[in-house]
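Asker: Have a look at this one.
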Amino acid sequence: MDNIQIGKEGEEECKQDYLREKEIFWEIYREDRKEEEELRLKSRSLWLKAGDKNTYFFHNSMKIRRARNQIEKIQLENQEVKGAEELKKSIPQAL
Numbered sequence: 004m005d006n007i008q009i010g011k012e013g014e015e016e017c018k019q020d021y022l023r024e025k026e027i028f029w030e031i032y033r034e035d036r037k038e039e040e041e042l043r044l045k046s047r048s049l050w051l052k053a054g055d056k057n058t059y060f061f062h063n064s065m066k067i068r069r070a071r072n073q074i075e076k077i078q079l080e081n082q083e084v085k086g087a088e089e090l091k092k093s094i095p096q097a098l
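The sequence shown begins at 4 in the numbering used here and counts up by one.
Next up, the structure:
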């Protein structure tokens, strides 16, 4: 009978340890997310501040973004189409 009682007490301690560990994990997670969000907001405000001045940084950032978002080539009907002019010509045909 004593073994059963000790087993139940041990289980209860394990559950409490697990809950404490889980609570600590979520606290660390929340703090990490909070710090990450603060850094993101700070970097965004610095970028906006620099961008509002029409500086070299701002224009260079926009050039890089435009280049990254540009479609260079696509695959249409087993044919690779490159270049802006070819893309313009081939899109209406594909539709």
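Glycine included, C-beta positions come from ideal geometry on N, C-alpha and C.
Quick one, are the C-beta atoms of Lys76 and Lys85 less than 8 Å apart?
Answerer: For Lys76 and Lys85, yes; Cβs fall inside 8 Å.
Asker: Measuring alpha carbon to alpha carbon, tell me which of Leu79, Gln73 and Ile27 ends up nearest Ala87.
Answerer: Nearest option by C-alpha distance: Gln73.
Asker: Run through DSSP, which three-state label would Glu83 get?
Answerer: Note: Glu83 maps to strand in three-state DSSP.
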